[in-house]
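Chains as they are written, first to last, in our numbering: chain A, 1 to 305; chain B, 306 to 593. Structure first, commentary second.
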Amino acid sequence: MSSPIIRRAEAGTTEAAWVRYTLIGITLVFLFLFLVLPLAAVFAEAMRKGFDAYCEALKEPDAWSAICLTLITALIAVPLNLVFGVAAAWCIAKYEFKGKSVLTTLVDLPFSVSPVVAGLVYVLMFGAQGWFGPWLQEHDVKVIFAVPGIVLATVFVTFPFIARELIPLMQAQGNEEEQAAIVLGATGWQTFWYVTLPNIKWGLIYGVILCNARAMGEFGAVSVVSGHIRGQTNTMPLHVEILYNEYQSVAAFAVASLLALLALVTLVIKSVAEWRHEREMKAIGNLPPENIKAAPLDLSLKAAS
Amino acid sequence: MRSSSAAAAPAKRRAPARVLPGFKITLGYTLMYLCLIVLIPLSALVFKTFTLTWDQFWAAVTGPRVMASYRLTFGASLIAALVNVVFGLLVAWVLVRYQFFGKKVVDALVDLPFALPTAVAGISLTALLAGNGWVGQYLEPMGIQLAFNPNGIVIALIFIGLPFVVRTVQPVLEDAEKELEEAATCLGASRWQTFTRVIFPSIAPALLTGFAMAFARGMGEYGSVIFIAGNMPMISEITPLIIIGKLEQYDYAGATAVATVMLVISFILLLVINGLQTWQRRHSGAPV
Chain A
1 MSSPIIRRAE AGTTEAAWVR YTLIGITLVF LFLFLVLPLA AVFAEAMRKG FDAYCEALKE
61 PDAWSAICLT LITALIAVPL NLVFGVAAAW CIAKYEFKGK SVLTTLVDLP FSVSPVVAGL
121 VYVLMFGAQG WFGPWLQEHD VKVIFAVPGI VLATVFVTFP FIARELIPLM QAQGNEEEQA
181 AIVLGATGWQ TFWYVTLPNI KWGLIYGVIL CNARAMGEFG AVSVVSGHIR GQTNTMPLHV
241 EILYNEYQSV AAFAVASLLA LLALVTLVIK SVAEWRHERE MKAIGNLPPE NIKAAPLDLS
301 LKAAS
Chain B
306 MRSSSAAAAP AKRRAPARVL PGFKITLGYT LMYLCLIVLI PLSALVFKTF TLTWDQFWAA
366 VTGPRVMASY RLTFGASLIA ALVNVVFGLL VAWVLVRYQF FGKKVVDALV DLPFALPTAV
426 AGISLTALLA GNGWVGQYLE PMGIQLAFNP NGIVIALIFI GLPFVVRTVQ PVLEDAEKEL
486 EEAATCLGAS RWQTFTRVIF PSIAPALLTG FAMAFARGMG EYGSVIFIAG NMPMISEITP
546 LIIIGKLEQY DYAGATAVAT VMLVISFILL LVINGLQTWQ RRHSGAPV
């Protein structure tokens, strides 16, 4: 890369050194101010009264029940959206049909709806004055101000995450490998499991991890439907809000630090998934041409056996 | 799965593209789940609105406090999205074009606002910018107040919207053909001319898409904003907070009316974003 001829050629398509360093400098300062400082502040505020106070805040029963509720919510919401995401991506990416672009737009819809509106629609459905409110009251089922409402609101907000990740990936990969598998006698399920899934696994992991982060961290929608009953319908972000409004700053930031850790883990897994995917793509790109042609055949043989 | 492969058999006769099984079952499941989770609940909002008379609706959505909140939400989202266009482009440019130490970490960090719960972002930005915070303590003596007023809302929305711009511009910059820039240089263009005349037009659609996404997200944002805004009526009260306020007073009709306005706005923005994305695809596809 550093031969003088190439360097001279590159000079025509890049900036002077001082411009480069200034731009990099501005970028790093901006990102430091807007991303690193807020992240660091969470941990600094949580530790302000020492490690013992931090642990104490997390051991509190209300904090503990908020953590459990958050985990339960994510455990229900993420698998539901995973199944939907794979089904939606399969039918949108693998087939041509009328109204496909409308369907794709509708799948994206929850992204652009304000979380507060998302919570409100479930209150209008299941709340005391809602469509199903009287019926639910008769049968003594609580949805709003209870766990089912929280789960529903979370499912709505995280609805498109996995589908959004998979659709472009599966569209880019095309149908040839799957068609080969079917021609060689694989069932639909075998085709998905042995041919499609290995191809999309990194995208799938990325989608799941982002969906999970949002499910655990959702605030607006959940705050409308939860009713903020301490120890019962408080998720972690809602618990953070209550503690913060009660001026229990250390306790609020202690719970918040767990969520920040979750975000960091999410970013690490995301980066690893991206690098692995890139490396696999590069490995395929580096194969001599005859092997590229052979690759789908190999896979489909495996699927058929 | 057996039934779905059987279902594909007649489809095979109609169109050769549908060799793969599972079309009916996946489409059916997608539509059912979409209706149950998204469409029916959203239609509840629309139907509830129709139970109001026009005058009631109009009074609810044009009250002075509500109007002030529209102006604030719209203005703050617009400013934040514009700031994000400038800095998002800069970040994307630096990440694609230059090499520096720690680039991979910086690249990963850009997604932080996607992964960090909004409430956490809200309290931590507030802690930073309040009078006794790390940043606030230096700004306060200079008379700059960033927390508990509309400035804070803009800051929170910049944080929330940044990755939208970076992540839409970045892939387009990566795919941009260096040959075009080489040609421009050979023809005597300065580097700045090359940027404004050759590079910028090719990334403009992506930039606009990113802007629209950041703007749309800002219009609906709640969690990160309410902590830093101060939430004073008429001054720093955002529209989602108006809905929450009306709900807390059991004014379901009023909340629904305002929510319908927000839903219509997000529909329009969604259509705009979709149109922009189609334009972007055509734009990038055309010269090849």
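Note that the Cβ used here is the ideal one computed from N, Cα and C, for glycine as well.
Exercise. Taking the CB atoms as reference points, tell me whether G427/B and G535/B lie closer together than 8 angstroms.
Key: Along the second sequence, read from residue 1 onward, the residue named residue 427/B stands at position 122. Along the second sequence, read from residue 1 onward, the residue named residue 535/B stands at position 230. The answer is no: Cβ separation not under 8 angstroms.
Exercise. Show which residues of chain A have a CB atom less than 9 angstroms away from the CB atom of M567/B.
Key: Here residue 567/B refers to the residue found at position 262 of the second sequence. Near M567/B (Cβ distances below 9 angstroms), the residues of chain A are V113, S114, V116 and V117.
Quiz item: When DSSP labels each residue in this structure, what does Q232/A get in the three-state scheme?
Solution: Taking the first residue of the first sequence as position 1, residue 232/A is located at position 232. Residue state, collapsed to three classes: coil.
Exercise. Measure from the C-beta of E487/B to each C-beta in chain A and report whether the shortest distance is under 8 angstroms.
Key: Position 182 of the second sequence, counting from 1, holds the residue named residue 487/B. Yes, its Cβ sits closer than 8 angstroms to a Cβ of chain A.
Exercise. Examine chain A for any beta-carbon lying closer than 8 angstroms to the beta-carbon of R472/B, and answer yes or no.
Key: Here residue 472/B corresponds to residue number 167 of the second sequence, with the count starting at 1. Closer than 8 angstroms: no.
Self-check item: Span separating the alpha-carbon of K551/B from that of A251/A
Solution: In the second sequence, counting from the first residue as 1, residue 551/B sits at position 246. In the first sequence, counting from the first residue as 1, residue 251/A sits at position 251. Their Cα atoms are separated by approximately 30 angstroms.
Quiz prompt | Within 8 angstroms, strictly: CB atoms of F219/A and P422/B | solution = As a first step, residue 219/A must be located in the first sequence, where it is residue number 219. As a first step, residue 422/B must be located in the second sequence, where it is residue number 117. Cβ distance < 8 angstroms, so F219/A and P422/B count as in contact.
Self-check item: Three CB pairs or more closer than 8 angstroms across the stretch 258-273 of chain A and the stretch 215-231 of chain A
Solution: yes
Quiz item: When you compare only the Cα positions, how much space is there between A163/A and V391/B?
Solution: By 1-based counting over the first sequence, the position of residue 163/A is 163. By 1-based counting over the second sequence, the position of residue 391/B is 86. Each residue's alpha carbon lies about 30 angstroms from the other.
Quiz prompt | Cβ shell of L478/B (< 7 angstroms), same chain only, five flanking positions each side left out | solution = Locating residue 478/B in the second sequence gives position 173, where the first residue counts as 1. Contacts found: A397, W398, V401 and I508.
Practice problem: Give the straight-line distance between the Cα atoms of G127/A and L344/B, rounded to the nearest whole angstrom. | Solution: Translated into the one-based positions of the first sequence, residue 127/A becomes position 127. Translated into the one-based positions of the second sequence, residue 344/B becomes position 39. The straight-line gap from Cα to Cα measures roughly 18 angstroms.
Self-check item: Cβ distance (whole Å) where P326/B is taken to contact G188/A below 8 angstroms
Solution: Translated into the one-based positions of the second sequence, residue 326/B becomes position 21. Translated into the one-based positions of the first sequence, residue 188/A becomes position 188. Confirmed, Cβ separation roughly 4 angstroms.
Practice problem: Sort V255/A, I284/A, N81/A and I242/A by Cα distance to F43/A and report the nearest one. | Solution: Position 43 of the first sequence, counted from the first residue, corresponds to residue 43/A. Of the candidates V255/A, I284/A, N81/A and I242/A, the one whose C-alpha sits nearest the C-alpha of F43/A is V255/A.
Quiz item: Should F406/B go down as buried or exposed, given a rule of 16 or more other Cβ atoms within 10 Å for buried?
Solution: Counted from its first residue, the second sequence places residue 406/B at position 101. Classification for F406/B: exposed.
Self-check item: As assigned by DSSP and simplified to three states, the class of K293/A
Solution: In the first sequence, the residue the question calls residue 293/A occupies position 293. With a pLDDT of 46 at K293/A, under the threshold of 50, the predicted position of this residue should be treated as unreliable, though the coordinate-derived value follows. Looking at K293/A - three-state DSSP - the assignment turns out to be helix.
Quiz item: How long is the line joining the alpha carbons of V312/A and T335/B, rounded to whole angstroms?
Solution: Limits of chain A in this structure are 1 at one end and 305 at the other, which puts residue 312/A out of reach.
Quiz item: Roughly how many angstroms lie between the CA atoms of A461/B and I533/B, to the nearest whole one?
Solution: Position 156 of the second sequence holds residue 461/B. Position 228 of the second sequence holds residue 533/B. So the alpha carbons of these two residues sit roughly 8 angstroms apart.
Practice problem: Compile a chain-ordered list of the residues in the stretch 548-563 of chain B whose CB is closer than 8 angstroms to at least one CB of chain A. | Solution: Going along the stretch 548-563 of chain B in chain order, one finds I548, I549, L552, Y557, A560 and T561 with a Cβ nearer than 8 angstroms to chain A.
Quiz item: Could you give the residue range of the alpha helix (DSSP H) that holds H139/A?
Solution: What you label residue 139/A is simply residue 139 of the first sequence in a count that begins at 1. Premise fails: H139/A is in no alpha helix (DSSP H) and is neither H nor E.
Quiz item: Using the rule of at least 16 other Cβ atoms within 10 Å of the residue's Cβ for burial, across every protein chain shown, is N245/A buried or exposed?
Solution: Here the question's residue 245/A lines up with position 245 in the first sequence. So N245/A ends up on the exposed side.
Quiz item: Is there a Cβ from chain A that is less than 8 angstroms from the Cβ of P592/B?
Solution: To locate residue 592/B, count along the second sequence from 1; it is residue 287. Low confidence applies to P592/B: its pLDDT is 43, below 50, so where it sits in the model is not reliable enough to give any reading.
Practice problem: Kindly indicate which three-state DSSP category P160/A falls into: helix, strand or coil? | Solution: To locate residue 160/A, count along the first sequence from 1; it is residue 160. The answer is coil: DSSP assigns P160/A none of H, G, I, E or B.
Quiz item: Relative to the alpha-carbon of A118/A, which residue among G559/B, L350/B and Q361/B has its alpha-carbon at the smallest distance?
Solution: Position 118 of the first sequence, counted from the start, is the residue given in the question as residue 118/A. Ranking G559/B, L350/B and Q361/B by Cα distance to A118/A puts L350/B first.
Quiz item: For K94/A, which three-state DSSP category applies?
Solution: Sequence index remark: in the first sequence, residue 94/A carries index 94 (1-based). Helix, per DSSP.
Quiz item: Is D556/B helix, strand or coil by DSSP?
Solution: Counting from one through the second sequence, the residue named residue 556/B turns up at place 251. Three-state DSSP puts D556/B in coil, outside helix and strand.
Quiz prompt | Selected residue, minimal CA-CA separation from I167/A, among V155/A, Y206/A, G185/A and G149/A | solution = On the first sequence, position 167 is the one that residue 167/A refers to. The residue with the shortest Cα to Cα distance from I167/A is Y206/A.
Quiz item: If you follow the alpha helix (DSSP H) that R502/B is part of, which residue opens it and which one closes it?
Solution: Residue mapping note: residue 502/B aligns to position 197 of the second sequence, counting from 1. For R502/B, no alpha helix (DSSP H) segment is defined, and its DSSP state is neither H nor E.
Exercise. Work out the CA separation of G493/B and A89/A for me, nearest whole Å.
Key: Counting from 1 along the first sequence, the entry for residue 89/A is found at position 89. Counting from 1 along the second sequence, the entry for residue 493/B is found at position 188. A89/A and G493/B: Cα-Cα distance of roughly 47 angstroms.
Practice problem: Could you tell me which chain B residues have their CB closer than 8 angstroms to the CB of W131/A, listed as they occur along the chain? | Solution: What you label residue 131/A is simply residue 131 of the first sequence in a count that begins at 1. Chain B residues near W131/A: A349.
Quiz prompt | Members of the stretch 168-186 of chain A near chain B, C-beta cut-off 7 angstroms | solution = N175, E178, Q179 and I182
Practice problem: Please confirm if S65/A has its CB atom under 8 angstroms from at least one CB of chain B. | Solution: As a first step, residue 65/A must be located in the first sequence, where it is residue number 65. Cβ-Cβ to chain B under 8 angstroms: no for S65/A.
Self-check item: M306/A burial status per 10 Å Cβ neighbour count (16 or more: buried)
Solution: Residue 306/A is absent from the model: chain A starts at 1 and stops at 305.
Self-check item: Amino acids of chain B, ordered along the chain, whose beta-carbon sits closer than 8 angstroms to that of F30/A
Solution: The residue you call residue 30/A lines up with position 30 of the first sequence. The contacting residues are F392, L395 and V396.
Self-check item: Proximal residues to V29/A (C-beta, below 8 angstroms), its chain only, five neighbours per side dropped
Solution: Looking up residue 29/A in the first sequence gives position 29. Correct list: empty, nothing qualifies.
Quiz item: With Y54/A and A41/A assumed to form a contact (beta carbons below 8 angstroms), what rounded beta-carbon distance in angstroms separates them?
Solution: For this step, residue 54/A is matched to residue 54 along the first sequence. For this step, residue 41/A is matched to residue 41 along the first sequence. That pair is no contact at about 15 angstroms.
Quiz item: A41/A versus chain E: which residues are under 7 angstroms apart at the beta carbon?
Solution: Looking for chain E here will not work: the only protein chains present are A and B.
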